[in-house]
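Undergrad: Numbering (our numbering), first residue to last: 5 to 348.
1) Candidates 39, 274, 199: which alpha carbon is nearest residue 241's?
2) So for residue 336, helix, strand or coil by DSSP?
3) Identify which residue in 323, 231, 330 has its Cα closest to the Cα of residue 343.
4) How long is the line joining the alpha carbons of residue 118 and residue 148, rounded to whole angstroms?
5) Helix, strand or coil for residue 10 per DSSP?
6) Which one of 59, 97, 179 has the shortest CA to CA distance from residue 89?
7) Here's a check: name, in chain order, each residue in its chain whose Cβ is nearer than 8 Å to the Cβ of residue 285, leaving out the five neighbours to either side.
8) Do you know offhand how far residue 196's Cα is from residue 309's?
9) Using C-beta distances below 7 Å, list every residue in its chain close to residue 12, excluding the 5 sequence neighbours before and after it, in chain order.
10) Figure out for me which residue from 292, 193, 72 has the closest Cα to the Cα of residue 26.
11) On the premise that residue 239 lies in contact with residue 314, defined as a C-beta separation below 8 Å, what is that separation, rounded to the nearest angstrom?
12) Where do the N-terminal and C-terminal ends of the beta strand (DSSP E) with residue 171 fall, by residue?
13) Should residue 342 be counted as a contact of the ligand ATP given a C-beta to heavy atom distance under 7 Å?
14) Can you check whether the CB of residue 236 is closer than 8 Å to the CB of residue 220?
15) Would you decide whether residue 318 is buried or exposed? Buried here means 16 or more other CB atoms lie within 10 Å of its CB.
16) Between the Cα of residue 181 and the Cα atoms of 124, 345, 21, 109, which residue gives the shortest distance?
17) Is it right to say residue 41 is buried, meaning 16 or more other beta carbons lie within 10 angstroms of its own, or is it exposed?
18) Nearest CA to the CA of residue 66: which residue from 158, 130, 53?
19) Measure the C-alpha to C-alpha separation of residue 23 and residue 266 and round it to an integer number of angstroms.
20) When the distance is taken between beta carbons, is residue 175 closer than 8 Å to residue 167?
This is the structure:
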């Protein structure tokens, strides 16, 4: 039974959000803002009880109150069966298990989307490829991505993002469902490009944090963002993405946001590494999952498999996994052979 007041709503009109962290909570708030029935589920029953009682997520988004249309459901099966549209807001390493958990409970005609960013470490698969393995081809799927911080979405500040799906009708439906006052969702059919942008930007944000933590200045930061965008694009195109996707919200937009604002956990992680903190201590200090740590390993593996040159991401990997000092990593980048910025 729901532990929050419920409203009369049909399966077709209810949206289910799985994952009660900062981003899942912010998305649930946004979906419920215009009196659209929304169900939020999380793994921690005690946390869900607090969410239902306090009508806010005190730990992650203390200033964002829950709309009346947002209900808390502690039972995963009941949550999934409450709506046709199910949105997963879980880390990349938890996506496969989450999909397996919800599979028996999905309604006929269910549509599944995710706000997950990153390759699966063990396989090098993108989220949509993991979803296809678990759900098959018959379930419509989509990815929600772009330059967004949970706190600002929770506060209702103006925001734009991208919904990408192979099924244009589902993309339009989900974009319309998310959109409202101060929130605009664009659609795309380039699922690969949107997912690659979301994966690689976290690695580059660690690099930007390291650079700023070493006081290298604005010139270095913009060079890192620009050349990082080139790396992101090369990898995406090699995986079948469209080049123009990386000049949009899910590419350049998300990259600039994550590299330049301290709301980014990945950037703050890089800042900590620049001061000499060890990887484990830096992650503990942030207190939430730093997606770029796992992503650094996965992106390196995929790039090497495809023989795609990604020197910035390679050096971030070396700092995180091989204990190379940040200054030595920068020296190695600057010592690379000179080349044309745009190959002929």
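We treat Cβ as the ideally placed atom computed from N, Cα and C, and that holds for glycine. Note that this is a predicted model, so its numbers are computed, not measured.
TA: Straight from the coordinates:
1) To locate residue 241, count along the chain shown from 1; it is residue 237. Cα-wise, what sits closest to residue 241 is 199.
2) As a position in the chain shown, residue 336 is number 332, starting the count at 1. Residue 336 falls in the helix class under three-state DSSP.
3) Residue 343 sits at position 339 when you count from the first residue of the chain shown. Out of 323, 231, 330, 231 has the C-alpha closest to the C-alpha of residue 343.
4) For the purposes of this step, residue 118 is taken as the residue at position 114 of the chain shown. For the purposes of this step, residue 148 is taken as the residue at position 144 of the chain shown. C-alpha separation (whole angstroms): 6 Å.
5) Sequence index remark: in the chain shown, residue 10 carries index 6 (1-based). For residue 10, the pLDDT reaches just 47, beneath the cut-off of 50, and the residue's location in the model is therefore unreliable, although a value from the coordinates is still provided. Note: residue 10 maps to coil in three-state DSSP.
6) One-based indexing of the chain shown puts residue 89 at position 85. Cα-wise, what sits closest to residue 89 is 179.
7) By 1-based counting over the chain shown, the position of residue 285 is 281. So the list reads 276, once near-sequence residues are dropped.
8) For the purposes of this step, residue 196 is taken as residue 192 along the chain shown, with counting starting at 1. For the purposes of this step, residue 309 is taken as residue 305 along the chain shown, with counting starting at 1. Taking the straight line joining both Cα atoms gives about 17 Å.
9) As a first step, residue 12 is located in the chain shown; it is residue number 8 there, counting from the start. At residue 12, the pLDDT of 48 sits below 50, so the modelled position is not reliable and the matter cannot be decided from this model.
10) If you number the chain shown from 1, residue 26 lands on position 22. For the options 292, 193, 72, the alpha carbon positioned closest to that of residue 26 is the one of 292.
11) As a working mapping, residue 314 is identified with position 310 in the chain shown. As a working mapping, residue 239 is identified with position 235 in the chain shown. Sure, about 6 Å apart at Cβ, within 8 Å.
12) Walking along the chain shown from the start, residue 171 turns up at place 167. Looking at the DSSP string, residue 171 is not in any beta strand (DSSP E), and its letter there is neither H nor E.
13) As presented, the structure is devoid of all ligands, the ligand ATP included, so that no description of it is given.
14) What you label residue 220 is simply residue 216 of the chain shown in a count that begins at 1. What you label residue 236 is simply residue 232 of the chain shown in a count that begins at 1. No, the Cβ-Cβ distance between residue 220 and residue 236 is not below 8 Å.
15) Taking the first residue of the chain shown as 1, we reach residue 318 at position 314. Looking at its Cβ environment, which holds 16 or more other Cβ atoms inside 10 Å, residue 318 is buried.
16) Sequence index remark: in the chain shown, residue 181 carries index 177 (1-based). Of the listed residues, the one whose Cα sits closest to residue 181 is 21.
17) The residue you call residue 41 lines up with position 37 of the chain shown. Buried: at least 16 other Cβ atoms inside 10 Å.
18) Reading the chain shown from its first residue, position 62 is the one you call residue 66. If we check each option's Cα against that of residue 66, 158 comes out closest.
19) Here residue 23 corresponds to residue number 19 of the chain shown, with the count starting at 1. Here residue 266 corresponds to residue number 262 of the chain shown, with the count starting at 1. The straight-line gap from Cα to Cα measures roughly 23 Å.
20) The residue labelled residue 167 in the question sits at position 163 within the chain shown. The residue labelled residue 175 in the question sits at position 171 within the chain shown. Yes, Cβ-Cβ distance for residue 167 and residue 175 is below 8 Å.
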